[in-house]
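Worksheet for the structure shown next.
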Amino acid sequence: MPRERYEHMMLKVSRIGLIAVIMAALMALGACSTKKNTAASRNYQAFITRYNVYFNGDQHFKETLKEMERAYEDDFTAPVIFMHPAEAYEVKSAPQPSGSFTRSIEKAQKAIQLHSIKKRPKRKSGKGNDPEYKAWMKREEYNPFLHNAWMMMGRSQYFGGDFLGAASTFYYVSRHFSWLPSTVMEAKLWEARSYCAMGWLFEAETILSRVKSDELTSSTLKELYNFAYADLYIRSHNYAEAIPKLREALRYASGSQKSRLNFLLGQLLSAEGKNKEAYEAYSKAEGAAASYRAKFNARIKQSEVFEGADISSEVKALKRMLRYGVNRDYQDQIYYAIGNLYLSRKDTANAIANYTLAAEKSTRNGLDKAIAQVKLGGLYYDRQRYDLAQPNYSEGVPQLPETWPGLKELRHRSDVLDELAVFAQNVVLNDSLLRLADMSEEDRLAVIERIIADLKKKEKEEADAAAREEYLAAHEGESNLNASNAPTTFQMNTDRSWYFYNQSARNAGRTEFQKKWGSRKLEENWRRRNKASFSMSDFETQEETDEEDNATDNEKEAEDPENEEKREAEERANDPHYPEYYLKQIPSTPEERLTANEVIQEGLYNSGLILKDKLEDYPAAGMEWDKLNARYPDNVYRLDVLYNRYLMAMRSGREDEGERWRLAIISEFPESSYAQAMSDPGYLDRLRRMNDEQESLYAKAYDAYLDNRNRQVHEAYAWMEANYPLSPLMPKFMFIDALAYVTDGNSAKFTETIREMLQRYPDTEMTPMASAWLKGMTQGRNLQSGGSNARGLLWDIRLTNDSTSTGAPGEIQFELAPDDPHYLVLLFSTDEIVPAQLLYEVARHNFSTYVVRDFDLELMNFGPLGMLIIKGFANDRELRHYRNLLTTDPTFALPLAVRPVEISRDNFEKLITGGGSFDDYFRFIGEETSRDVHEATLPPDEYPSAEEM
4 MPRERYEHMM LKVSRIGLIA VIMAALMALG ACSTKKNTAA SRNYQAFITR
54 YNVYFNGDQH FKETLKEMER AYEDDFTAPV IFMHPAEAYE VKSAPQPSGS
104 FTRSIEKAQK AIQLHSIKKR PKRKSGKGND PEYKAWMKRE EYNPFLHNAW
154 MMMGRSQYFG GDFLGAASTF YYVSRHFSWL PSTVMEAKLW EARSYCAMGW
204 LFEAETILSR VKSDELTSST LKELYNFAYA DLYIRSHNYA EAIPKLREAL
254 RYASGSQKSR LNFLLGQLLS AEGKNKEAYE AYSKAEGAAA SYRAKFNARI
304 KQSEVFEGAD ISSEVKALKR MLRYGVNRDY QDQIYYAIGN LYLSRKDTAN
354 AIANYTLAAE KSTRNGLDKA IAQVKLGGLY YDRQRYDLAQ PNYSEGVPQL
404 PETWPGLKEL RHRSDVLDEL AVFAQNVVLN DSLLRLADMS EEDRLAVIER
454 IIADLKKKEK EEADAAAREE YLAAHEGESN LNASNAPTTF QMNTDRSWYF
504 YNQSARNAGR TEFQKKWGSR KLEENWRRRN KASFSMSDFE TQEETDEEDN
554 ATDNEKEAED PENEEKREAE ERANDPHYPE YYLKQIPSTP EERLTANEVI
604 QEGLYNSGLI LKDKLEDYPA AGMEWDKLNA RYPDNVYRLD VLYNRYLMAM
654 RSGREDEGER WRLAIISEFP ESSYAQAMSD PGYLDRLRRM NDEQESLYAK
704 AYDAYLDNRN RQVHEAYAWM EANYPLSPLM PKFMFIDALA YVTDGNSAKF
754 TETIREMLQR YPDTEMTPMA SAWLKGMTQG RNLQSGGSNA RGLLWDIRLT
804 NDSTSTGAPG EIQFELAPDD PHYLVLLFST DEIVPAQLLY EVARHNFSTY
854 VVRDFDLELM NFGPLGMLII KGFANDRELR HYRNLLTTDP TFALPLAVRP
904 VEISRDNFEK LITGGGSFDD YFRFIGEETS RDVHEATLPP DEYPSAEEM
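Set out below in structure tokens:
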């Protein structure tokens, strides 16, 4: 055979062989399709699932999880940190972890979609009675590796923050892979862990309580079981039970997660008072895998639980940390830790010094500084230095998170201290000023010079620190500039700023104010030192006020603005770097000394009152009043002090002491209302019955008022005045008693009762309204009545400022005209609603809802009654449609204190010009008609669209 023919034949044979191999491979692949269920197909799909899909997703999952655990910055100031960073997804206020598990989820989904074998294999004869064969034929999945894809998807959902999705996935696995008991148990434990992350503790406990110890057949299952149970107990605040479970979970942890769990263990042990064990746990948290931040915080926490006899070594170790530049931003935490060490040894002086440094050295002004301030405030509070405690609480408490232990109590204490510190600071300040006033001129100047020297030293230190910070910032800026080629400029702050940002200007203004008035909290009627007296200066006529203003202006004009020497003297008097600034504050005249002593008396009395009523610290209140009576035996608060001491003694069960104070009131102030009420030997029993009796009597008096039985109203007030003159409901009795005189036509008695109420009770919810009425009466306005007692007290304000108006409200002839132009009037009390805010909200609704239509908005004010008038409705139907859209607008909520009134344009003008009130209009339309007008709406299909309007 020729050589060429032989080669040609062999080539042909090889081609046939290749085709045969390919055909054989295709046939094998067809046999391994997911539509077939054979041993070959199952093994083939398992192989492809593991190495072609699952492997890539699993590698991505491991790398992402490791980076999440390493990079997450735990909130070490929290009482307990998270067991795993993924749990932070459920707490939006917490630092959020990084890393996306989407790719792993997609790989798992791809594996399930492409490689799941649902088709059952062919039945074999003779196996019908074999239980194992029956179970085999009932399986829902025949790919022997696919359960791993399901588990990877569930874990990826969990660590990605989709806890509900993870729980659903693990539930599916536990129900559909029953022939894999280890996988089912793992899925159940992950399901419980997912429930814990969502806060579904009952569901988690239900799963965990059913797990038997012999079912935990691997280290993976033991780790999951102990981890989930520890998480459950921690979230239930059962730290004693959580500690052993967490110790077991730690046996299987590694890397940064092991450091995290050791830190958490230290927190739990510390909370349980096991400080020695907590110290060891924090030491283990400083492992090699921990970040520097974690190591630093673990070292700080160790100082809190240190139980050694000698703390000097710990203090020195912490102070050495201050030298390292890497700790520059952590100085507040270091000083705080040192303060904790001193406090644990009852050395409050050194503790206070270090807590103060912690607050001063803080560069971040965040939570760490707030914690130091709250701790420092607590020490000052315990030492009754309320003037020093208040600024620390005031600045620190608002920075604490909502989950901070005892936050509600801290906020209450801060609010009380804000009020208390005003009076405490007054006492300290005026005591100091009076001491300076009693010194010789040389000694006084020496003290002032020391103050000025300290001020300059402090300013120099602050300037040096600011310069250092500026240099560092500039140096960093230059580095950034070289890197990004972007110009950066730095500028020091100066005092050429607005008044409230200029410390010198603020000090000058505050000094002048306090010299005349003393420290004042932000409140109405701040001019009154004694709030128990009512100043009629509030009702001065405008002409008198204008005359005073003109006189003041004339005095200013008489000054010579060109007098340079005088100007320099004024500048020195307003600059704390000169002695004149301090000398100006010292009370030098008898009048100024009297004012200073009055401020001290007021401060001591009100401090005791706040301590008694708001903090229930009776011993501290007694100490304040002892100081008051010792320094000022004839002070104006003696009677109130005696009565409050009587109440404190009786509440504390010291009846003998209470009797002594009762007899002192009767003997020293026999004409007072206190003495008259307490002269009855059964006063204490009546006082105990007062709460029930006064409520019942007021309800009857108010019913009588609504029913126009004014004689019974007056009798109820007279009975209360005779039997319970000190009742907290007395101002309400007086108020309805005064209003009853309106329909009686007795304007003199109305004015007298209202005036007395304001004098005795200047700070009640009725004060703004009563003050407006009394002011109108003093300006010559007439009292008008419709013949019956007003039911809507807030709205019964005459809508006219014309004092000559004599039209009786009953003479106004209203008409119901639904086809006439209408207004929507929003009535509100100016003491409860900010008119400008309401106007803005309504205008925003109009702009966002209506495309074509526009509405006119007008604000009106009549004393305490405010009105926002919405105009532009052609008839009542359009107005009701507007109200329906206003009600259903998700971005608008009408405040409860606002009452909407639908009224025709003509009726509104009659109301305004006729001197009537909205009560007159409500009586005209009747209660039922009023309800229909304000609440009825048209069916939705009858409304025109917003665009049509």
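Residue numbers (this note's numbering): 4 to 952. Yeah, the Cβ is synthetic: ideal placement off N, Cα and C, and Gly gets one too. Since this is a predicted model, take the numbers as computed values, not measurements.
Over the uninterrupted beta strand (DSSP E) stretch that includes residue i, give me the two end residues.
{"i": "H3", "result": "The requested residue 3 is not part of the displayed model; the chain covers only 4 to 952."}
{"i": "S907", "result": "R902 to S907"}
{"i": "F876", "result": "L868 to F876"}
{"i": "F831", "result": "H825 to S832"}
If you draw a straight line from the alpha carbon of residue i to that of residue j, how long is it in whole angstroms?
{"i": "T491", "j": "E93", "result": "Legend: pLDDT at T491 = 34, less than 50; position of this residue unreliable, no value from coordinates given."}
{"i": "Y843", "j": "E206", "result": "47 Å"}
{"i": "Q697", "j": "L650", "result": "19 Å"}
{"i": "A233", "j": "E251", "result": "9 Å"}
{"i": "R158", "j": "A468", "result": "50 Å"}
{"i": "I915", "j": "H848", "result": "27 Å"}
{"i": "M442", "j": "S591", "result": "11 Å"}
{"i": "N241", "j": "L267", "result": "14 Å"}
{"i": "E244", "j": "H150", "result": "34 Å"}
{"i": "I51", "j": "Y136", "result": "26 Å"}
{"i": "Y327", "j": "Q334", "result": "10 Å"}
{"i": "A820", "j": "D859", "result": "21 Å"}
{"i": "A405", "j": "K378", "result": "Checking the sequence shown, residue 405 turns out to be Glu, not Ala. Distance between the alpha carbons of E405 and K378 is about 17 Å."}
{"i": "E307", "j": "N864", "result": "60 Å"}
{"i": "G164", "j": "G656", "result": "57 Å"}
{"i": "G661", "j": "V425", "result": "30 Å"}
{"i": "E551", "j": "T781", "result": "The pLDDT assigned to E551 is 48, lower than 50, so where the model puts this residue is not dependable; a value taken from the coordinates is nonetheless given after this. Taking the straight line joining both Cα atoms gives about 19 Å."}
{"i": "T186", "j": "M154", "result": "8 Å"}
{"i": "E465", "j": "H580", "result": "16 Å"}
Can residue i and residue j be called in contact, C-beta distance under 7 Å?
{"i": "A624", "j": "G611", "result": "yes"}
{"i": "I303", "j": "Q336", "result": "yes"}
{"i": "M71", "j": "P100", "result": "yes"}
{"i": "I739", "j": "Y708", "result": "yes"}
{"i": "D747", "j": "N713", "result": "yes"}
{"i": "T366", "j": "D332", "result": "yes"}
{"i": "L830", "j": "V904", "result": "yes"}
{"i": "A719", "j": "A702", "result": "no"}
{"i": "R254", "j": "L204", "result": "no"}
{"i": "G60", "j": "K110", "result": "yes"}
{"i": "N166", "j": "A190", "result": "It should be pointed out that residue 166 corresponds to Phe in this sequence rather than to Asn. No, the pair does not count as a contact, with Cβ atoms beyond the cut-off."}
{"i": "A301", "j": "Y338", "result": "no"}
{"i": "A195", "j": "L219", "result": "no"}
Would residue i pass as an interface residue toward chain B - the criterion being a Cβ-Cβ separation below 7 Å?
{"i": "S239", "result": "The chain labelled as chain B is not found in the depicted structure, where only one protein chain is given."}
Could you tell me which residues DSSP puts in a beta bridge with residue i?
{"i": "P579", "result": "Beta-bridge pairing links P579 to no other residue."}
{"i": "F927", "result": "Its beta-bridge partners do not exist; DSSP assigns none."}
{"i": "L954", "result": "The structure shown does not extend to residue 954, since the chain spans only 4 to 952, so no value can be given for it."}
In the DSSP assignment, the alpha helix (DSSP H) including residue i goes from what residue to what residue?
{"i": "H884", "result": "D879 to T891"}
{"i": "K110", "result": "T105 to H118"}
{"i": "M626", "result": "Y621 to R634"}
{"i": "Y161", "result": "L149 to F162"}
{"i": "I246", "result": "Y242 to L253"}
{"i": "T186", "result": "P184 to M201"}
{"i": "V377", "result": "L370 to D385"}
Would you say the beta carbon of residue i comes nearer than 6 Å to a heavy atom of the ligand COA?
{"i": "N749", "result": "This structure lacks the ligand COA, and indeed carries no ligand of any kind."}
Legend entry - Sufficient close CB pairs (3 or more, under 8 Å) joining the stretch 248-264 to the stretch 279-298: yes
Inset, instruction - Decide yes or no for the touch test of the stretch 606-622 against the stretch 590-598: beta carbon pairs closer than 8 Å, at least 3 of them. - result: no
Inset, instruction - Give a yes or no on contact between the stretch 78-85 and the stretch 171-182, applying the rule of three or more CB pairs nearer than 8 Å. - result: no
Inset, instruction - Determine contact between the stretch 391-409 and the stretch 418-432, defined as no fewer than three beta-carbon pairs at a distance below 8 Å. - result: yes
Inset, instruction - Could you tell me whether the stretch 881-900 touches the stretch 828-845, using the rule of 3 or more Cβ pairs below 8 Å? - result: yes
Legend entry - At least three beta-carbon pairs within less than 8 Å, the stretch 763-770 to the stretch 724-736: yes
Legend entry - Stretch-stretch touch, CB-based, cutoff 8 Å, three pairs: the stretch 346-365 with the stretch 44-62: no
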